[in-house]
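Read the structure below first, then the notes.
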Amino acid sequence: MKKSLLFVTSLLSSTVVFSGTMGVVREASTHQFSPYLVAEGAYSWNEGTTLVFQDQNLSKHTNGWGGRFGGGIIRPVAQSWAINFEGGLGYYGQPEKVLLDAVSVSQQLYGFDMLLGGTYNYNKISLYVKGGAMVENKYVVDVQDLDRLIQGNLITGVMRNHKLETQLLPEIKVGGIYALNDNLGLTVSYLRTFAPVNNGHSTYNISANSNLINVYTSSYQTAPSINSFLFGLQYTFA
């Protein structure tokens, strides 16, 4: 009876030791790759997107508010360092909307980006630098009221023109995260894409008196550089 009791006790002790060992291994494996999701509000401005009209009797409006939703993977490589891969889809506002009598022209910017970088962790704060590229899109819509543009009722109705201009641009994103708990953190960052000088410049020549509806006179029709401040929440699946 004593031998049987001793055998059971030894078996239970081995089980406890084995379970503890497996716990450490499992913890290391689950933290080798940590996926995350991030939702950010954004305020953006651009360099190069300009609508130029001969007729100066117009009003211009801008709206830089937008947002970005993304996700990625973090892989620790040292005690305080990690590699970070991220992809996201963002809307970067309406850089310019022009109203001119019977014509309105608006532009909107959005894009998909992929980034790779490094993260440094110190207590509850993480700082990161990421670089990559964005497929940036500039969506242009102009609406023309022909009844008002062309006098004499020779042509009536409304004409709408839609144009999508896409370009692959290099991008950098720098920022930081403040951990609220093990999974959730506050994020603040700055994002920039780099386009050639004068990208996005469009010239319109519109005159109701001469019955000239809409003429593009510039060859710069590609997407502009974007500057954006972002702020939001990141959830990491630890």
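Going by our numbering, the letters in the sequence shown line up with residues -7 to 230, in that order.
Note that the Cβ used here is the ideal one computed from N, Cα and C, for glycine as well.
Item checked: Boundaries (first-last residue) of the beta strand (DSSP E) holding F84 -> By one-based count along the sequence shown, residue 84 stands at place 92. Sequence check: residue 84 is Tyr here, not Phe. Taken as a continuous stretch (DSSP letters only), Y84 belongs to no beta strand (DSSP E), as it is neither H nor E.
Next item on the list: Give me the Cα-Cα distance between L176 and N55, rounded to the nearest whole angstrom.
Entry: Working through the sequence shown from its first residue, we reach residue 176 at position 184. Working through the sequence shown from its first residue, we reach residue 55 at position 63. If you take the alpha carbons of L176 and N55, they lie about 30 Å apart.
Notebook entry, point to check: CB-CB under 7 Å to A31, same chain, minus the five flanking residues each way: which ones, in chain order?
Noted result: Taking the sequence shown and counting its residues from 1, the one referred to as residue 31 is at position 39. These residues qualify, in order along the chain: F61, G224, L225.
Check: Can you tell me the Cα-Cα spacing of F221 and Y84, whole angstroms?
Finding: Translated into positions along the sequence shown, residue 221 becomes position 229. Translated into positions along the sequence shown, residue 84 becomes position 92. Their Cα atoms are separated by approximately 10 Å.
Next item on the list: In the DSSP assignment, find the unbroken beta strand (DSSP E) run with V233 in it and report its ends.
Entry: The chain is shown from -7 up to 230; residue 233 falls before or after that span and cannot be answered.
Check: Helix, strand or coil: how does DSSP classify S199 here?
Finding: What you label residue 199 is simply residue 207 of the sequence shown in a count that begins at 1. Because S199 carries a pLDDT of 49, less than 50, the predicted location of this residue cannot be relied on, and no value is offered for it.
Notebook entry, point to check: If you draw a straight line from the C-alpha of F77 to the C-alpha of Q71, how long is it?
Noted result: Numbered from its first residue, the sequence shown carries residue 77 at position 85. Numbered from its first residue, the sequence shown carries residue 71 at position 79. So the alpha carbons of these two residues sit roughly 18 Å apart.
Checklist line | When I117, M126, T185 are compared against L172, the one with the closest alpha-carbon | finding: Counting from one through the sequence shown, the residue named residue 172 turns up at place 180. Here the closest residue by C-alpha is I117.
Next item on the list: Given a cut-off of 8 Å, decide if Y182 and G167 are closer than it, judged by their beta-carbon atoms.
Entry: What you label residue 167 is simply residue 175 of the sequence shown in a count that begins at 1. What you label residue 182 is simply residue 190 of the sequence shown in a count that begins at 1. It is a contact, given that the beta carbons lie within the stated cut-off.
Margin query: What does the alpha-carbon distance come out to for the pair L160 and E88?
Written below: Here residue 160 refers to the residue found at position 168 of the sequence shown. Here residue 88 refers to the residue found at position 96 of the sequence shown. Their Cα atoms are separated by approximately 21 Å.
Check: Span of the beta strand (DSSP E) holding A125?
Finding: As a first step, residue 125 is located in the sequence shown; it is residue number 133 there, counting from the start. Here the beta strand (DSSP E) through A125 covers 117 to 137.
Next item on the list: Specify, as a first and last residue, the run of the beta strand (DSSP E) that F223 falls within.
Entry: For this step, residue 223 is matched to residue 231 along the sequence shown. Run containing F223: 217 to 228, per the beta strand (DSSP E) assignment.
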